[in-house]
Amino acid sequence: PTGGETAHQFRYPNFDWLRIAAATAVLFSHSFLLAQGTEANEPWRQLTGTILGIYGVCVFFVISGFLITRSAFNSGTLRSFTLARVLRIYPALAACAALTSFGLGLAFTSMEPARFLADLIPLKHTIKTILHPGTPYDLASVQFYPDARNMGRTFNGSLWTIPQELACYVIVGLLFALRLLRWPVMALLLLLTLPALSLWNADAAPEPISNFLLVAASFFAGALVFFVWRRQQRLPAWPLLPCAALLGLAIATDQSFGLFPLYGAYPLLMLATARRWSLPDLKGFGDISYGMYLYGWPVQQTLVALAGGVGAISWHALFALSTFVAALLGYASWHLLEKRALRWKPQPSQRPVRQAAAEHG
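Just remember that the working numbering sits 246 ahead of the position in the sequence shown, which is counted from 1.
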């Protein structure tokens, strides 16, 4: 999850802060899963029935829906929109796959290192990750540690969201090309994918569909809020009242996650675009959230392995250490690769967003 444009390009620094918070939430929940072998003790799960990390992922998708829709209007052409999306996702993803599969693969493979390299296992894994992001979840012959649930073989479990992000990009691109990138279409897509109303039983649906349904409504909710924002380049406060009412309904009906796109997207994006409560600009520091997300799981697996396996490290120690290391890697990923790749992005359309939006409905 990248959220499309970087926040400093958009001149709203709260976007970067929210994405860092979302990446940290994912690391928080994974700390329980990997340190204890279960998410049962994760506080947010005990409170709402759903781990905090999946809310963090949905925050990423809310932001992405807003910024990707804006990016489509600013791109001018489908080609420039597509190129911008490829440059934002793939360089960092490919680098992460290559670095972790070669480095951690050699460190934790059960094969002889020469054989591991001769069989091109790291190279094959990197290519598979680029062509089919999110799969495979393991790396042949590599096990970080033995455990009952076999989680020690999961090489980068966070990548399951990348195909969902790409699917949302494709949908926005197609709507843009067909001149259907309009708020009624986004509202319809939101309702069709809303977890609380979905026609699919997410638990019984095929995995690609169930994964998409977990996050798609958040993306479309963010896109829908963009159409409110683009009229006056701000979000009015009055929709916070129905959002609060929906939150109350969600809590009363045990649908805190199922209704999250309806009650959560607008307040989040109002905070993200707020000038009055703007946090310090991270332009010089960089947009580290994507790198944090990509490297977080392998970092945590490595720390658990070095500690001695499941139960050998506390969740809070794993959380603190992994957040620090993942942030450093995110910083390096941004400054050494991501921002350099983004220099190849096509220049945005010179037309104001409001004018472009009006022309496309």
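Built from N, CA and C at the ideal position, the CB exists for glycine as well.
From a predicted model like this one, the values you see are computed outputs, not experimental measurements.
Less than 8 Å divides the Cβ of ILE300 from the Cβ of LEU460.
Just so you know, the alpha carbons of ALA286 and ASP262 end up roughly 30 Å apart. The way I'd put it, the stretch 551-570 doesn't touch the stretch 513-522; fewer than three beta-carbon pairs between them come closer than 8 Å.
Distance from the CA atom of CYS414 to the CA atom of GLN292, rounded to whole angstroms, is 31 Å.
With respect to the 8 Å criterion, PRO507 and ALA469 are not classified as neighbours on the basis of their beta carbons. Between the alpha carbons of ALA490 and TRP484 lies a distance of about 11 Å. When Cβ pairs closer than 8 Å are counted between the two stretches, the stretch 331-342 is seen to touch the stretch 406-413, the count reaching three or more. Assigned with DSSP and collapsed to three states, THR381 falls in coil, not helix or strand.
Pairing LEU329 with LYS585 gives a Cβ-Cβ distance that is not under 8 Å.
Residue pairing from DSSP places THR355 in a beta bridge opposite VAL388. Counting C-beta pairs closer than 8 Å gives fewer than three between the stretch 316-327 and the stretch 563-579, which falls short of the contact rule.
Under the three-state reduction of DSSP, THR400 is assigned to strand. Ranking THR548, THR499, GLY504 and LEU313 by CA distance to the CA of ARG476 puts LEU313 first.
Judged by DSSP secondary structure, ALA578 falls within the alpha helix (DSSP H) whose first and last residues are 561-579. Per DSSP, the continuous alpha helix (DSSP H) segment holding ASP262 begins and ends at 260-282. Per DSSP, TRP290 is one residue of the alpha helix (DSSP H) stretching across 289-294. Rounded to whole angstroms, TYR391 and GLY542 show a C-alpha spacing of 17 Å.
The C-alpha of ALA520 lies about 10 Å from the C-alpha of PRO482. Sorting ALA423, THR372, ALA496 and GLN389 by C-alpha distance to the C-alpha of THR294 places ALA496 at the top.
Around TYR512, the same chain offers VAL471, PRO485 and CYS489 as residues with beta carbons nearer than 6 Å, after the five sequence neighbours per side are excluded.
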